Amino acid sequence: MNRLTDKVKAFLAQDPIPAFINGNWKESEFDYASEIENPANKDVLTKVCQCSANDVEDAINAADKAFLQWKLYTPMQRAEVLKKFADLCERDSEELAQLEALDVGKAINNARGFDVPFGIECIRYFSDLILKKDFEQQLEIEGINGKQVRIPYGVVGFIFPWNFPLTLCMWGIGPALAAGNTVVIKPAEITPLSTLYLGKLAQEAGIPEGVFNIVPGKGSVAGEVITTHPKIKCVSFTGSSAVGKHIGQNCGMHLKPAKLELGGKGGAVVFEDADIDHAAEGLAGAITLNTGQVCCTATRWIIQENVLEEFVEKVKENLQKTVIKPGMMEECEMGPVVCKKQQDSIIDYIQKGIKEGAELILGSDKVTENEGYYIPPTLLMGDQNNICFKEEIFGPVAYITSFKTEEDAIQQVNSLDYGLANSVWTQSAEKAQRVAMEMVSGNSWVNAHNVFAYGLPYGGVNGSGNGGGVNSIETLFDYTRGLTIA
Ligand code: NAD
Numbered sequence: 001m002n003r004l005t006d007k008v009k010a011f012l013a014q015d016p017i018p019a020f021i022n023g024n025w026k027e028s029e030f031d032y033a034s035e036i037e038n039p040a041n042k043d044v045l046t047k048v049c050q051c052s053a054n055d056v057e058d059a060i061n062a063a064d065k066a067f068l069q070w071k072l073y074t075p076m077q078r079a080e081v082l083k084k085f086a087d088l089c090e091r092d093s094e095e096l097a098q099l100e101a102l103d104v105g106k107a108i109n110n111a112r113g114f115d116v117p118f119g120i121e122c123i124r125y126f127s128d129l130i131l132k133k134d135f136e137q138q139l140e141i142e143g144i145n146g147k148q149v150r151i152p153y154g155v156v157g158f159i160f161p162w163n164f165p166l167t168l169c170m171w172g173i174g175p176a177l178a179a180g181n182t183v184v185i186k187p188a189e190i191t192p193l194s195t196l197y198l199g200k201l202a203q204e205a206g207i208p209e210g211v212f213n214i215v216p217g218k219g220s221v222a223g224e225v226i227t228t229h230p231k232i233k234c235v236s237f238t239g240s241s242a243v244g245k246h247i248g249q250n251c252g253m254h255l256k257p258a259k260l261e262l263g264g265k266g267g268a269v270v271f272e273d274a275d276i277d278h279a280a281e282g283l284a285g286a287i288t289l290n291t292g293q294v295c296c297t298a299t300r301w302i303i304q305e306n307v308l309e310e311f312v313e314k315v316k317e318n319l320q321k322t323v324i325k326p327g328m329m330e331e332c333e334m335g336p337v338v339c340k341k342q343q344d345s346i347i348d349y350i351q352k353g354i355k356e357g358a359e360l361i362l363g364s365d366k367v368t369e370n371e372g373y374y375i376p377p378t379l380l381m382g383d384q385n386n387i388c389f390k391e392e393i394f395g396p397v398a399y400i401t402s403f404k405t406e407e408d409a410i411q412q413v414n415s416l417d418y419g420l421a422n423s424v425w426t427q428s429a430e431k432a433q434r435v436a437m438e439m440v441s442g443n444s445w446v447n448a449h450n451v452f453a454y455g456l457p458y459g460g461v462n463g464s465g466n467g468g469g470v471n472s473i474e475t476l477f478d479y480t481r482g483l484t485i486a
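With the UniProt record's numbering, letter number 241 in the sequence shown gets 241, and the count goes up by one each step, no holes.
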C-alpha cells in the first residue's frame, strides 16, 4: 500500500476542510460538514464543509469583483500566473494522485499516469493558446470600419461530477481562466478533495483573490445558486443527462449560456475483419478503466456474428486477469466503485438485465460482502431491447449484442438518444471512415476507445450534451463572447 505523504495527511486532518472563497479558507455558515468516505474500506477520510446559498453568493460576489482586475491582465500576465499554478500542481502531483485514489477509489497508477498529468497539461495548453490566438477580427463592410473582439463573460460557474474530479475541473477552468473569466467551482458532494487541494495551489501560485473559488456542497443548494444567480454569466456543467436537462432549463430561464457535457452509452462495433486480439484487449480496458465509471467509455459491444465466439473468449481472458485491489495499492488495475449507492445501482441494473433475458457470461449479479465497494468486470449478452443495452450503468459492465450487416450495426449504435463517443474496429480504413461518419456522436474512434489529446475536440450531442466540447481552440472561444465595435 502506498504511504500517504505528509501533505496529504495534513490536508485530511482539517476538520472540516473549508470552502475556498475570495482567496480565503472559509467555514460554511452551515453548522454542517459531510463525511468523505474511502470506497476501498468504507473509512471516513475527512469531513468537508457544505456551502449554504449565502456562502455561494459570497463566492459569486467575490468573483464578480475580482473580474474587474483579472480582465485587465494581459494574456501574457494571465499565462504566467496559470503556468505557475500548473508547475505547483506538478510539484504536488503525488498528493493530487493520492487524493484521487483515496476519494474516487481509482487505481493510483492511472491517476499518476493520466488524471493528474493530463489535467496539468490542460492549464499549460490553454496558457500557450491565449498567447497565439487572435481575439480580434477586423471587419470592413460597405464603408463601415469595424471590428469584433472576443471578451470574457465575467463569472463562470462550474458544476462537476464525481468520476474524474481533478481532470474535469482542469478541463473546465483551464480555458475559462485563460480567456480572462473568474470561476466559482462546485465539486461533486462525494469527491471534492482534489478540487479543494487545487485551492491551496491557486493561492500559492498568486492567482488573485476572488478569481478562483471553490464551494463544496449539495447540488440542490450550492448548484442551484450557481445556475440561477444573475452575476454568473455562463454555466459549465458536466454530469448526468437528467441533471443537465434541469440545468439547461434553469439557464434558459435566466438567458445564460450553458455548456453541457452529459452522460453516455458508448457503442463499439467490432467487424469480422478487425484484429480481434487488439479489440478484446482494448474493450476490456474500456470497462476496467476507472472501474467503468467513464462517461464516454464503450459499454455496448456490437460484434459481427461470425467472430462473436472468438471475441467473447478473448475478452473474458483479458478481464479475468484484471487485478482488483484498493486504488492506493501499487498493483491495482481496477479499484472499487465510488460508493454504496453506486454499487447498489450497478447490481440492480445487472439483476434487471438478467430478468429481461440477458445472459450473464462473466462477473456477478450480487453484492459480495467485502471491505470496500467492489464489483468484478461483468459481461451480459442479449438483444438490444434490454435495459442494460439502453441505459447508462456507470460501472465495470458491458452488454454484448451481435450483428450481421453494417447497416444493422449502425442502427444498433444509433438507436439511443445518447451521442457522446463510439468506436469502430476494422482493418479496412475505408469502412472505418464510412462507419465513423455514420455513427451519431461527438467522437468516433477507430480501433481504439477513449482517445484524448489537446487540440482534439471532445464533447457530446443529443442526450450527451450540447456539442460545445472541451480541449480545443473552440473551447477557449466558448468561454468568451463577441463584442462588435464599429
Ligand atoms: P450528477 O448529474 O448526479 O451530478 C453532477 C453534479 O451536479 C454534482 O456536482 C451534483 O451535486 C450537481 N447537481 C445535482 N443536482 C443539481 C441541481 N439541481 N443544480 C445544480 N447542480 C446539481 O452526475 P454524477 O452522478 O456526479 O456523475 C455521473 C454522470 O456524469 C454520468 O452520467 C456521466 O456520464 C456524466 N459525465 C459526463 C462527462 C462528459 O464529459 N460528458 C464526464 C464525466 C461524467
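Beta carbons are placed, not taken as given, at the ideal position from N, Cα and C, and that holds for glycine. Everything numeric in this text was worked out from a predicted model, so none of it was measured.
Give the single residue among the options whose Cα lies nearest to the Cα of residue i.
{"i": "W162", "options": "G455, G217, N2 and I144", "result": "G217"}
{"i": "residue 533", "options": "Q249, V235 and I410", "result": "Any answer about residue 533 is impossible in this case: the structure gives the chain only from 1 up to 486."}
{"i": "N450", "options": "L476, N385 and G264", "result": "G264"}
{"i": "C49", "options": "Q138, L196, M1 and L362", "result": "L196"}
{"i": "L283", "options": "I393, Y399, A258 and C234", "result": "Y399"}
{"i": "A66", "options": "E209, A10 and T5", "result": "E209"}
{"i": "E90", "options": "M439, T46 and A202", "result": "A202"}
{"i": "C295", "options": "E356, I207, I361 and L420", "result": "L420"}
{"i": "V149", "options": "F135, L319, E95 and V337", "result": "F135"}
{"i": "Q304", "options": "E272, V235 and L416", "result": "E272"}
{"i": "V225", "options": "T401, D344, K83 and C251", "result": "C251"}
{"i": "T401", "options": "K431, D417 and I361", "result": "I361"}
{"i": "Y73", "options": "E333, L177 and G172", "result": "L177"}
{"i": "T191", "options": "A432, I141, I36 and Y153", "result": "I36"}
{"i": "N110", "options": "D277, F403 and A286", "result": "A286"}
{"i": "P326", "options": "I108, P75 and W25", "result": "I108"}
{"i": "E330", "options": "K106, T297 and T227", "result": "K106"}
{"i": "K7", "options": "G157, L193 and W70", "result": "L193"}
{"i": "N22", "options": "S34, I185 and N145", "result": "I185"}
{"i": "N386", "options": "T378, Y349 and K404", "result": "Y349"}
{"i": "A179", "options": "C332, K71, S428 and W301", "result": "K71"}
{"i": "I17", "options": "T5, L45, N2 and R3", "result": "L45"}
{"i": "V470", "options": "E29, I123, V104 and Y32", "result": "I123"}
{"i": "P175", "options": "A486, Y454 and E281", "result": "Y454"}
{"i": "L129", "options": "R481, E474 and G482", "result": "E474"}
{"i": "residue 506", "options": "K431, A429, E438 and T228", "result": "The requested residue 506 does not occur in the structure, where the chain is confined to residues 1 to 486."}
{"i": "G482", "options": "G146, K83, I151 and G206", "result": "I151"}
Quick check on DSSP: helix, strand or coil for residue i?
{"i": "Y399", "result": "strand"}
{"i": "F394", "result": "coil"}
{"i": "P117", "result": "helix"}
{"i": "W70", "result": "helix"}
{"i": "T426", "result": "coil"}
{"i": "G467", "result": "coil"}
{"i": "F20", "result": "strand"}
{"i": "P376", "result": "coil"}
{"i": "V338", "result": "coil"}
{"i": "Y153", "result": "coil"}
{"i": "Y458", "result": "strand"}
{"i": "M170", "result": "helix"}
{"i": "F356", "result": "The sequence given here places Glu at residue 356; Phe does not occur at that position. E356 falls in the coil class under three-state DSSP."}
{"i": "F452", "result": "coil"}
{"i": "E37", "result": "strand"}
{"i": "N145", "result": "strand"}
{"i": "K231", "result": "coil"}
{"i": "L177", "result": "helix"}
{"i": "M381", "result": "strand"}
{"i": "Q14", "result": "coil"}
{"i": "G419", "result": "strand"}
{"i": "T5", "result": "coil"}
{"i": "N163", "result": "coil"}
{"i": "N110", "result": "helix"}
Closest Cβ-Cβ distance between residue i and chain C: below 7 angstroms?
{"i": "A398", "result": "Of the chains in the structure shown, none is chain C; there is only one protein chain."}
Handout entry: Cβ contact (3+ pairs, closer than 8 angstroms) linking the stretch 113-120 and the stretch 439-450
Key = no
Exercise for the section: Mind listing, in chain order, the continuous alpha helix (DSSP H) runs of no fewer than 4 residues lying wholly within the stretch 252-333? Expected result: 276-288 and 308-320
Handout entry: In chain order, each beta strand (DSSP E) run of at least 3 residues that lies wholly inside the stretch 186-221
Key = 212-214
Problem - Stretch pair the stretch 305-321 + the stretch 82-99: three plus CB contacts closer than 8 angstroms - result: no
Practice task
Count the CB pairs spanning the stretch 35-47 and the stretch 227-242 that are closer than 8 angstroms, and state whether there are at least three.
Solution key: no
Practice task
Specify whether the stretch 13-33 and the stretch 332-342 touch according to this definition: at least 3 beta carbon pairs, one from each stretch, less than 8 angstroms apart.
Solution key: no
Exercise for the section: Inspect the CB distances between the stretch 57-72 and the stretch 362-370 and report whether three or more fall short of 8 angstroms. Expected result: no
Handout entry: Three-pair Cβ contact test at 8 angstroms for the stretch 423-438 versus the stretch 447-461
Key = yes
Handout entry: At least three beta-carbon pairs within less than 8 angstroms, the stretch 240-257 to the stretch 453-473
Key = yes
Practice task
Note down, one range per segment and in chain order, each beta strand (DSSP E) of at least 3 residues found wholly within the stretch 42-101.
Solution key: 44-49
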